[in-house]
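In our numbering, the protein residues as written are 29 to 208.
A short write-up of the structure that comes next.
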């Protein structure tokens, strides 16, 4: 079971909704979008909370790192950010565990942010998500992390509904480990 002290599922789905507006965003661009929303609402920007919300969304597969081969569109903002931390330049796309929703004011973000038209090759993204799922399952098995394995088992069902990939071998292995 996930840590309930962190950002809510609704917040996670709001993050996915913001990313969905643009097809994909870098972590830095998503953070900026959330800061713009906070400004529009006249609230304080809590960078640590934004980082925690993004981390949780990625951890729970609501947002997924997108490999370069899955991305289309102008990457000028990525090139301009080359000097920044590589993590900030990670491209994020909507993942299988998300139910994207638009937070209040988000519809204005395309007019506020200077983000070019973009696209995501879902097939390439799905293969990357399946590879990540496999790696994380092995890590959780090796570490005896039953809680993470249960989360990953749930994610296998989300992935299966989200993309035409065969997750059954991964799920079977995870469930066998959980049932031990």
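For glycine and all other residues, C-beta sits at the position ideal for the given N, C-alpha and C.
Counting only runs of 3+ residues, the beta strand (DSSP E) found wholly inside the stretch 121-196 occupies 146-148, in chain order.
Here the alpha carbons of residue 144 and residue 74 stand approximately 26 Å from one another. With fewer than 16 other beta carbons inside 10 angstroms of its own, residue 185 counts as exposed. Taking a contact as a CB-CB distance under 8 Å, the pair residue 41 and residue 90 counts as one, their CB atoms being some 7 Å apart.
Contact annotation: residue 137 and residue 43 have beta-carbon atoms that are not nearer than 9 Å. For residue 70 and residue 121, the gap between their C-alpha atoms comes out near 27 Å. Cβ-Cβ separation between residue 55 and residue 118: approximately 5 Å, consistent with a contact (criterion under 8 Å). When DSSP states are grouped into helix, strand and coil, residue 200 belongs to the helix group. Distance from the CA atom of residue 60 to the CA atom of residue 84, rounded to whole angstroms, is 17 Å. For residue 92, the uninterrupted beta strand (DSSP E) run begins and ends at 91-93, by DSSP. In chain order, 125 place their CB closer than 6 Å to the CB of residue 88, counting only its own chain and leaving out the 5 sequence neighbours on each side. Boundaries of the beta strand (DSSP E) around residue 54: 52-54. In this structure, the straight-line span from the alpha carbon of residue 57 to that of residue 208 is close to 43 Å.
Straight-line spacing of the CA atoms in residue 165 and residue 177 works out to 6 Å.
Looking at the DSSP output, residue 80 sits in no beta bridge, so it has no partner there. Across the structure, residue 123 and residue 92 are spaced so that their CA atoms are roughly 5 Å apart.
The beta carbon of residue 78 is closer than 6 Å to those of 59, 62 in its chain, skipping five residues each way along the sequence.
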